[in-house]
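Protein chains in written order, with this note's numbering: chain A, 1 to 342; chain B, 343 to 649; chain C, 650 to 883.
Built from N, CA and C at the ideal position, the CB exists for glycine as well.
Worksheet for the structure shown next.
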Amino acid sequence: MDSFVGVVNYLVFFAITAGIYAVLSLGLNLQWGYTGLFNIGVAGFYALGAYTAALVSGPPPDAWGGRVVGGFELPFLLGVLAAAVVAGLVALLIGLPTLRLRADYLAIATIGIAETIRLVLKNEAWLTNGVWGLQQIPSPLYGLIHRHAMGFLRDRPDLPNWIIQIVSRTYNWFYLLLVSVILFALYTLLKRLAGSPWGRVLKAIREDEDAAAMSGKNVFRFKLQALVLGAMVMGIGGALYAHYVRFISPASFEPLYGTFIVWVMLIIGGTGSNGGAILGAVVVWGIWAATDFITDYLPFTAPQGAALRILVIGVLLEVILVLRPGGLLSPSRRNRRPHPPG
Amino acid sequence: MDALARVPQLIVYGLVSGSILSLGGIGVSLTYSILGFSNFAHGDMMALGAYFALAALSILSGWGLSNRPLGPLSFGPGLLAALLVAVVLTSGSVVLLDRLLYRRLRHAGRITLMISTVGVALGLRNLIQFIWGPQPHYYTTRIQRAVAVPGLGVRIKPDQLFIVAVAVALAVLLHLFLRYTKTGKAMRATSDNPSLARVSGINTERVIVWTWIIGASLAAVAGVLTGIENKFVMPELGWQMLLSIFAAVILGGIGNPYGAIVGGMIVGISEEVSTAFVSTGYKPAVAFGILILMLLVRPSGILGRRE
Amino acid sequence: MLLLSAEGIFAGYGDMEVLHGIDLTVSEGEIVTMIGPNGAGKSTLMKAIFGLLRPTAGTVHFAGEEITGRSPDRVVRLGIAYVPQVENVFPSMTVHENLEMGAFPLRGDLRERLDGVYKLFPALESRRRVRVGRMSGGERQMVAMGRALMLDPKLLMLDEPSAALAPNLTATVFERIEAINRAGPAVLIVEQNAKQSLKMSHRGCVLAAGVKCLEDSGPNLLENEHVSRLYLGG
């Protein structure tokens, strides 16, 4: 029974993390899947969201680390909102100089902004506590739920052990519900947007930007909106992450890994499909978790194991790009062999 | 005032790092101009070269090839031989990679290709980490003393002079190659007008292979030079420089190898000089700042054609 | 003697089929002009012959050999030269280098061939070191044609040679084409400026909507009222 509980608890953790990644994938899908924007700075917006939520909702600065600002202990939803706004603002700043130019330029600029964000997080201790990170980020309604769960257990001292194990982790179930609700809300919103006239313009821009421009659309404005909105979604993902793990530091946002895995999720799930973004998150996170177990059994050192796992994901990406570039859920049109240039 | 006094010495350091950035940037520009996409794995190709050299060095010295320092340099024939081996192995690996992967994606569009290069970048870096581990590996543990440059009030290490000399020599060789050899002209023609190049009888597949070979060779040299400069190599060696390399390439005009040289020098010097005024932790942000500035003011770069 | 023979060519771009079964022949020493409305498939046919496009059906024979779908760099070595309508020079290279590229498959001394081209286009000789990107449309067209002639082709294919030129230069271009033809190669031309081209052509074909609708000698087509009204501007 105990191992069953262990598995269940692990699955809850797995589902929460997959859900957070799914939120990030949805954001990337809006930018890349709909509009064709090549954003390699996902981890940057994610980090901005997490840190903003932590600074807005977290405790005031303590004696060590060097931080002097933030910690307003504001409610969870305000923190999430602030996270979205900050991520969106930075996306705006990045989009303004780059969106009129080639995709390569946006890519490099987003790599640059993610790197710069990471440097600021590391160096500006007055704001972020530097490498010490931000601790004790409160989880919403934690006190309330935990008290009720503990009260429930106290009133029934003869419950079997496995029930105690599950109930004492009630908060995680709640958080899973919270993440699911937010994920579902974002999914519905984005699906609505996809079908709207606005969404159709985005897709037209991805297909053939010149044609879209010639039909009178202000392509730049639409791209900017997509970039900002997508970044806001990523910021929300970051906030969810911060409130879950309750401790963040610059090391949690290794730029390329965070960004890369989200790209792989979206590509495998199906570029352009919101359902695909979510599916891809679950599948790739599943593969990632599976490789964790497998490398435990192999005679490699810890860094070697970690490197091998990323290598596996990298190879997986290349294989998918060559064999089934549309991913699992993308409309079949994208998976057809493209035509050679005429 | 103290900051300004350090500038001349920082410029010297900038020349050294700029030389390495230039060598890396040339490959990126060539790939862009002939293959049409930005290769985000270029930094990790440099790391691959550096590690191939590391391995070759230990194998060669096991076979008896000495690495006794030549003159004031910190290394000897062993490292030079290892460098050649690294160039060959890196070029070979990249050509193989093109055959297995990039070639099949060529019709899938530029952005898909670029995504795949990000995958390759991560893959190469983690392959290196898997084989060698994340800790630094040393080319040499000797400490080298800098010598004063007469009259200029700055100091430079013999290794650093070597780096700059190699970069200059390779740049000149590349220029001669592009200008006067048949393959070089074929590369220029393909970059100018790929379909007309085919129409003229140029085998563009061969040109592409040559582009990879030259780009990868320069990247390997740049990687080894980085190892010489820092004395050690780490798996993130290449990725750390990627932003600076791309800033250099865009500054000089993407697609123009001469622009990459100019851009590399400017970015290298700017990064070093900036440390007099800003914390060293922010060096990469300097490259980023230059990049954004260029995109705002003149995206086609200094030597680039107007878009 | 028959030089080029394209039979039953079907070709297109992606899902869109542009040519629906075209036959075309060019004999040695001939000038053949293809005219017709935009989108008729004239340029597409040239690309299909030269290997820039793979025909979905049909065959192409040149000098007795089948060359259907062969890649351009091999077709050019057999003696067909092609000058595209646009982007037909290497703009960042000099006149001299552009001509050198024309003879790329050859080894050895190109001086004789270069002299030949400079004799045909004397204006280019004094500007051999100028970057072609900086030259005027007329000069570029000369460089484009000169490049194609460097390999002494048996068949020269020109896609709208007068398209980018000022009207006063058109006559010069066609005069040069006639001179080139007198010296050797057969010439296949696609033209909008049909009148001038047909005047000097041995044969002309009218292509419309991907099929060949009419074929006759050049002067006859010029006289043809129907053709004249539809394709020659009355």
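Option nearest residue i by Cα separation, candidates the options
{"i": "Y481 (chain B)", "options": "B:R548, B:G606 and B:N572", "result": "B:N572"}
{"i": "S139 (chain A)", "options": "A:H148, A:Q165, A:L178 and A:G112", "result": "A:L178"}
{"i": "G690 (chain C)", "options": "C:G670, C:V725, C:G786 and C:G853", "result": "C:G670"}
{"i": "R719 (chain C)", "options": "C:L702, C:Y767 and C:P733", "result": "C:L702"}
{"i": "S642 (chain B)", "options": "A:V228, A:R100 and A:D296", "result": "A:R100"}
{"i": "H449 (chain B)", "options": "A:L328, A:G327, A:L329 and A:V322", "result": "A:V322"}
{"i": "R253 (chain A)", "options": "A:A114, A:A204 and A:Q225", "result": "For the sequence presented, residue 253 (chain A) should be read as Phe rather than Arg. F253 (chain A) has its Cα closest to that of A:A114, out of A:A114, A:A204 and A:Q225."}
{"i": "T708 (chain C)", "options": "C:K696, C:E656 and C:G757", "result": "C:E656"}
{"i": "V876 (chain C)", "options": "C:Y662, C:G663, C:M683 and C:V675", "result": "C:M683"}
{"i": "T98 (chain A)", "options": "A:T259, A:T295 and A:L224", "result": "A:L224"}
{"i": "G286 (chain A)", "options": "A:I313, A:P303 and A:G272", "result": "A:I313"}
{"i": "N535 (chain B)", "options": "C:L694, C:N687 and C:M742", "result": "C:M742"}
{"i": "N9 (chain A)", "options": "A:W173, A:A84 and A:R221", "result": "A:W173"}
{"i": "P816 (chain C)", "options": "C:A772, C:L748, C:G786 and C:G700", "result": "C:G786"}
{"i": "G713 (chain C)", "options": "C:D758, C:V675, C:L755 and C:P721", "result": "C:V675"}
{"i": "G143 (chain A)", "options": "A:L77, A:P60 and A:Y171", "result": "A:Y171"}
{"i": "Q351 (chain B)", "options": "B:G495, B:S375 and B:L372", "result": "B:G495"}
{"i": "A441 (chain B)", "options": "B:S537, B:S403, B:A398 and B:R548", "result": "This sequence places Arg at residue 441 (chain B); Ala is not what is there. Considering only alpha carbons, the answer is B:R548."}
{"i": "S772 (chain C)", "options": "C:D801, C:D758 and C:R789", "result": "First, the amino acid is wrong: residue 772 (chain C) is Ala here, not Ser. Closest option to A772 (chain C), Cα to Cα, is C:R789."}
Residue environment, residue i, which counts as buried when at least 16 other CB atoms sit within 10 Å
{"i": "F619 (chain B)", "result": "exposed"}
{"i": "Q136 (chain A)", "result": "exposed"}
{"i": "T705 (chain C)", "result": "exposed"}
{"i": "F161 (chain A)", "result": "Before going further, note that residue 161 (chain A) is Asn rather than Phe in the sequence given. So N161 (chain A) ends up on the exposed side."}
{"i": "A307 (chain A)", "result": "buried"}
{"i": "P341 (chain A)", "result": "With a pLDDT of 38 at P341 (chain A), under the threshold of 50, the modelled position of this residue cannot be trusted; read the value that follows with caution. P341 (chain A) is exposed by the Cβ-count criterion."}
{"i": "I473 (chain B)", "result": "exposed"}
{"i": "W405 (chain B)", "result": "exposed"}
{"i": "G646 (chain B)", "result": "buried"}
{"i": "Y175 (chain A)", "result": "buried"}
{"i": "D806 (chain C)", "result": "The question names Asp, but residue 806 (chain C) in the sequence shown is Met. M806 (chain C) comes out buried."}
{"i": "L668 (chain C)", "result": "buried"}
Reduced DSSP category for residue i - H, G, I as helix; E, B as strand; rest coil
{"i": "T717 (chain C)", "result": "coil"}
{"i": "L652 (chain C)", "result": "strand"}
{"i": "L134 (chain A)", "result": "strand"}
{"i": "E840 (chain C)", "result": "coil"}
{"i": "E872 (chain C)", "result": "helix"}
{"i": "S380 (chain B)", "result": "coil"}
{"i": "M806 (chain C)", "result": "strand"}
{"i": "V781 (chain C)", "result": "helix"}
{"i": "D865 (chain C)", "result": "strand"}
{"i": "E207 (chain A)", "result": "helix"}
{"i": "F770 (chain C)", "result": "coil"}
{"i": "S400 (chain B)", "result": "helix"}
{"i": "D672 (chain C)", "result": "strand"}
{"i": "A857 (chain C)", "result": "strand"}
{"i": "G690 (chain C)", "result": "coil"}
Pair within 9 Å by beta-carbon distance, residue i and residue j
{"i": "V510 (chain B)", "j": "D386 (chain B)", "result": "no"}
{"i": "G44 (chain A)", "j": "V80 (chain A)", "result": "no"}
{"i": "A353 (chain A)", "j": "I248 (chain A)", "result": "A query on residue 353 (chain A) cannot be resolved here, the shown segment of chain A reaching from 1 to 342 and no further."}
{"i": "V575 (chain B)", "j": "L396 (chain B)", "result": "yes"}
{"i": "A858 (chain C)", "j": "L652 (chain C)", "result": "no"}
{"i": "A602 (chain B)", "j": "G367 (chain B)", "result": "yes"}
{"i": "V792 (chain C)", "j": "F770 (chain C)", "result": "yes"}
{"i": "R796 (chain C)", "j": "G765 (chain C)", "result": "no"}
{"i": "V69 (chain A)", "j": "W132 (chain A)", "result": "no"}
{"i": "A562 (chain B)", "j": "L431 (chain B)", "result": "yes"}
{"i": "V354 (chain B)", "j": "I498 (chain B)", "result": "yes"}
{"i": "S371 (chain A)", "j": "V262 (chain A)", "result": "Shown here, chain A extends from 1 to 342; a query on residue 371 (chain A) therefore has no answer."}
{"i": "G95 (chain A)", "j": "Y187 (chain A)", "result": "no"}
{"i": "V370 (chain B)", "j": "S559 (chain B)", "result": "no"}
{"i": "K803 (chain C)", "j": "I729 (chain C)", "result": "yes"}
Residue i: CB within 8 Å of a non-hydrogen atom of the ligand SAM
{"i": "P599 (chain B)", "result": "This structure does not include the ligand SAM; it has no bound ligands of any sort."}
*Identify every run of the alpha helix (DSSP H) within the segment 706–752 of chain C, keeping only runs that are complete inside it and at least 4 residues long; order them along the chain.*
721–727 and 744–751
*What are the start and end residues of each continuous alpha helix (DSSP H) run of 4 or more residues lying completely inside the segment 582–639 of chain B, in chain order?*
599–616 and 625–639
*Which whole runs of the alpha helix (DSSP H) in the segment 133–171 of chain A are 4 residues long or more, in chain order?*
142–155 and 161–168
*Taking only runs of the alpha helix (DSSP H) that begin and end inside the segment 465–544 of chain B, which ones reach a length of at least 4 residues, in chain order?*
500–522, 524–534 and 536–541
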